[in-house]
Each structure stands twice: as structure tokens, then as C-alpha cells.
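When we follow the working numbering, the leftmost residue of the sequence shown carries the number 110, and every step to the right adds one.
Notes follow once the structure below has been shown.
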Amino acid sequence: MEILLIEPSQELTETVRRRLTDDGYTAVCVSNGTDALKLLDSLRFESILLEWSLPDMDGVDVLRELRTRRLDTPVMVLSSRACVADRVLALDSGADDYLLRPFHLDECMARVRRMVRTYQRRTPPEYDGTNGGIHCIADLTVDLTQHVATRSGKRLLLSAKESAILEYFAQHAGKILTRAEIEAHISAQDAGSGLVPVYIHYLRQKIDEGHPLPLLHTVRGKGYMLSANPMRKPRRCFRPVTCAV
């Protein structure tokens with residue numbers, strides 16, 4: 110499960126990141142609102158920890174932009190602003206929680222766990238076969254609704270193009286897709302650009318690296334295929350040999 114931490118303080122970022130990692134989460138950290146919004150164009154998180162005072166904009170402005178985009182990811186604002194008016198402003202702007210600094214890490218993690226539970230209740234997984242929803246190929250899960258992919262329970266950090274290609278593969282699992290078909294699907298701008306093999310290379314690294322069962326395959330002379338049961342070369346047949354004793 111991935112948690113996005115938007116925090117300019119390197120010291121606090123490292124402290125919270127270590128604790129999130131120790132508690133079984135993957136922390137993705139950025140130091141300003143601009144980078145956070147760019148990241149959220151292509152990735153989704155179970156929860157967001159958002160510092161109010163950012164170097165380029167107020168955290169509340171980031172929060173409002175997230176809600177304008179209709180992202181329902183739970184957000185906890187971190188702030189040293191103790192007055193009631195500021196807390197009300199953050200909550201009215203779409204925050205799910207408000208944690209006053211300085212804070213104890215145990216309390217912070219308890220609030221993170223609650224937000225993750227809230228998010229999971231908001232988006233229960235539904236499997237509907239071939240009509241959108243969640244597609245499973247071995248231990249790879251691709252959620253077309255949330256635009257989230259996991260393998261062995263670990264979320265894959267994908268760019269927007271990589272996510273689009275993987276979702277296209279998932280919808281056609283077990284079928285060979287040509288380079289032209291993939292180019293046409295992801296963008297007319299990429300048609301004939303020769304970038305598909307590059308995207309496939311990075312996607313294969315993220316999907317298959319560290320796993321004994323490869324899922325993304327190159328079918329020589331034809332294209333690419335996402336499958337847990339790739340086409341295999343026929344076995345060579347040998348005549349039995351009788352050994353005299």
C-alpha cells in the first residue's frame with residue numbers, strides 16, 4: 110500500500126518515511142505541491158499526508174485541486190497552525206483529518222491506518238470478468254476503475270503511458286498485440302514513433318523483475334502478449350536409448 114507524503118522538511122520526511130516503511134507501507138515523498146499534483150496525474154495512493162506550509166503553494170490549495178479532480182483519496186493535513194479557524198478551513202476544503210505538529214509517530218500511524226481503512230471501504234474491489242473492473246493474470250491485478258496495478262500485493266509505480274499500455278494488455282490477456290495496435294491505443298502522437306519497445310522494456314522491468322514467473326512476453330515477429338501461460342517452443346523428441354548392462 111502506497112502513502113504519498115508531501116512535506117518540505119527533509120528531517121520530518123525521513124522520520125515519517127522510515128516509520129511508514131517499518132509499518133509495511135511504501136512511502137512516496139515529494140517536497141512541494143507542484144510535484145505532488147504532477148505525480149497524482151498518473152498514480153493513486155491509499156492515503157496522503159499533506160503539509161500545510163509548502164514552498165510553492167499552500168497545502169490547502171493542493172487539497173482543493175485534488176477534490177476538484179474528484180480524487181477521493183483520504184488526506185491528512187499536517188500543520189503547526191493550532192487555531193480552530195485553520196482546522197475548519199482544512200476540513201471544509203476536503204481534508205479527512207488534521208494533525209497538529211509536533212505530533213507523536215504512534216498517533217500519526219493510527220490515523221494513517223484509519224484513513225486506509227476508510228479508503229478501502231470507499232472502493233471495494235469488484236471482479237466482473239471481461240467487462241472492465243479488475244483483471245487478474247496470475248498474481249498481477251489490474252484495476253481499470255482506479256487505474257491501479259499490483260503484483261504479489263505490491264503496487265506498481267507506473268507512468269500514465271505505462272498504465273495505459275498495461276490496462277490494454279489486461280483487457281486482451283492471452284492475445285498477441287502488435288506494435289501498431291499498442292501505438293494506436295495509447296496516443297496518435299506516438300504512432301510510428303518507435304517508442305512502444307521502450308515502454309514495453311520499462312513495463313517489463315516493473316512487472317516481472319524479481320518474480321520467477323514472467324508475464325509480459327515478446328512474440329518474435331508478431332508483437333507482445335500478457336499471459337501467465339506463454340506460447341512455448343515444442344519439445345524435441347528423442348529416441349529411447351537402451352543401455353546394455
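Quick reminder that beta carbons are idealized off the backbone N, C-alpha and C, glycines included.
Discussion item. Here's the rule I'm using: 16 or more other beta-carbon atoms within 10 Å means buried, otherwise exposed. How should Gly238 be labelled?
Written reply: As a first step, residue 238 is located in the sequence shown; it is residue number 129 there, counting from the start. Because the pLDDT at Gly238 is just 41, under 50, the model does not fix this residue reliably, and the value given afterwards should be weighed accordingly. Flag for Gly238 reads exposed.
Practice prompt. Enumerate in chain order the residues of its own chain whose CB-to-CB distance from Arg341 is below 7 angstroms, with the five nearest sequence positions on each side excluded.
Written response: Taking the sequence shown and counting its residues from 1, the one referred to as residue 341 is at position 232. Its pLDDT being 45, under 50, Arg341 is placed unreliably by the model, and the measurement read from it follows with that caveat. Nothing listed; no residue qualifies.
Practice prompt. Please check the pair Val137 and Glu111, which I expect to be a contact at CB under 8 angstroms, by giving their CB distance rounded to whole angstroms.
Written response: Stepping through the sequence shown from its first residue, residue 137 is reached at position 28. Stepping through the sequence shown from its first residue, residue 111 is reached at position 2. Contact between Val137 and Glu111 holds, with the beta-carbon distance rounding to 6 angstroms and staying under 8 angstroms.
Fill in: Endpoints, the alpha helix (DSSP H) within which Gly332 is located
Working through the sequence shown from its first residue, we reach residue 332 at position 223. Premise fails: Gly332 lies in the beta strand (DSSP E), Gly332 to Leu335, not in any alpha helix (DSSP H).
Worksheet entry | the segment 301-315 / the segment 267-278 touching (three or more Cβ pairs under 8 angstroms) | yes
Item to complete: For Leu152, name the three-state secondary structure that DSSP assigns.
Response: In the sequence shown, residue 152 corresponds to position 43, counting from 1. Note: Leu152 maps to coil in three-state DSSP.
Fill in: Val221 versus Ala194: straight-line alpha-carbon distance, rounded
Position 112 of the sequence shown, counted from the start, is the residue given in the question as residue 221. Position 85 of the sequence shown, counted from the start, is the residue given in the question as residue 194. Approximately 23 angstroms between the Cα atoms of the pair.
Worksheet entry | Length of the line joining the Cα atoms of Ile295 and Arg288 | Along the sequence shown, one-based indexing puts residue 295 at 186. Along the sequence shown, one-based indexing puts residue 288 at 179. Going from the Cα of Ile295 to the Cα of Arg288 covers about 11 angstroms.
Worksheet item: Straight-line CA distance for Pro306 to Val169?
Response: For the purposes of this step, residue 306 is identified with residue 197 of the sequence shown, where counting begins at 1. For the purposes of this step, residue 169 is identified with residue 60 of the sequence shown, where counting begins at 1. In a straight line, the C-alpha of Pro306 is about 41 angstroms away from that of Val169.
Practice prompt. Report the rounded CA-to-CA distance for Glu216 versus Arg260, giving the unit in angstroms.
Written response: Position 107 of the sequence shown, counting from 1, holds the residue named residue 216. Position 151 of the sequence shown, counting from 1, holds the residue named residue 260. Each residue's Cα considered, the two are about 30 angstroms apart.
Fill in: In DSSP terms, what Tyr207 is bridged to
On the sequence shown, residue 207 is found 98 positions in, with the first residue counted as 1. DSSP output for Tyr207 lists Val186 as bridge partner(s).
Worksheet item: Going by the CB atoms, is the gap between Leu198 and Val184 shorter than 8 angstroms?
Response: Reading the sequence shown from its first residue, position 75 is the one you call residue 184. Reading the sequence shown from its first residue, position 89 is the one you call residue 198. No, Cβ-Cβ distance for Val184 and Leu198 is not below 8 angstroms.
Fill in: Per-residue DSSP class, three states only, for Ser162
Here residue 162 is taken as the residue at index 53 of the sequence shown, counted from 1. In the structure shown, Ser162 sits in a strand (DSSP, three-state: E or B).
Item to complete: Using a threshold of 8 angstroms, state whether the C-beta atoms of Ile115 and Leu158 are closer than that.
Response: Position 6 of the sequence shown, counted from the first residue, corresponds to residue 115. Position 49 of the sequence shown, counted from the first residue, corresponds to residue 158. Yes, the Cβ-Cβ distance between Ile115 and Leu158 is below 8 angstroms.
Fill in: First through last residue of the beta strand (DSSP E) which encompasses Glu116
What you label residue 116 is simply residue 7 of the sequence shown in a count that begins at 1. Premise fails: Glu116 is in no beta strand (DSSP E) and is neither H nor E.
Practice prompt. Return helix, strand or coil for Cys192, following the three-state DSSP convention.
Written response: As a first step, residue 192 is located in the sequence shown; it is residue number 83 there, counting from the start. Note: Cys192 maps to coil in three-state DSSP.
Worksheet entry | For Asp252, three-class secondary structure by DSSP | As a working note, residue 252 is residue 143 in the sequence shown. Of the three classes helix, strand and coil, the one that applies to Asp252 here is strand, per DSSP.
Worksheet item: Considering Ile246, what are the terminal residues of the beta strand (DSSP E) in which it resides?
Response: In the sequence shown, counting from the first residue as 1, residue 246 sits at position 137. In this chain, the beta strand (DSSP E) harbouring Ile246 covers Ile243 to Ile246.
Practice prompt. Report the rounded CA-to-CA distance for Arg126 versus Val257, giving the unit in angstroms.
Written response: Taking the first residue of the sequence shown as 1, we reach residue 126 at position 17. Taking the first residue of the sequence shown as 1, we reach residue 257 at position 148. Cα-Cα distance, rounded: 22 angstroms.
Fill in: Assumed close pair Val186, Trp161 - CB separation to whole angstroms, cut-off 8 angstroms
As a first step, residue 186 must be located in the sequence shown, where it is residue number 77. As a first step, residue 161 must be located in the sequence shown, where it is residue number 52. Correct: roughly 6 angstroms between the Cβ atoms.
Worksheet item: When the Cα atoms are used, what is the spatial distance from Arg179 to Asp150?
Response: Here residue 179 corresponds to residue number 70 of the sequence shown, with the count starting at 1. Here residue 150 corresponds to residue number 41 of the sequence shown, with the count starting at 1. Distance between the alpha carbons of Arg179 and Asp150: 12 angstroms.
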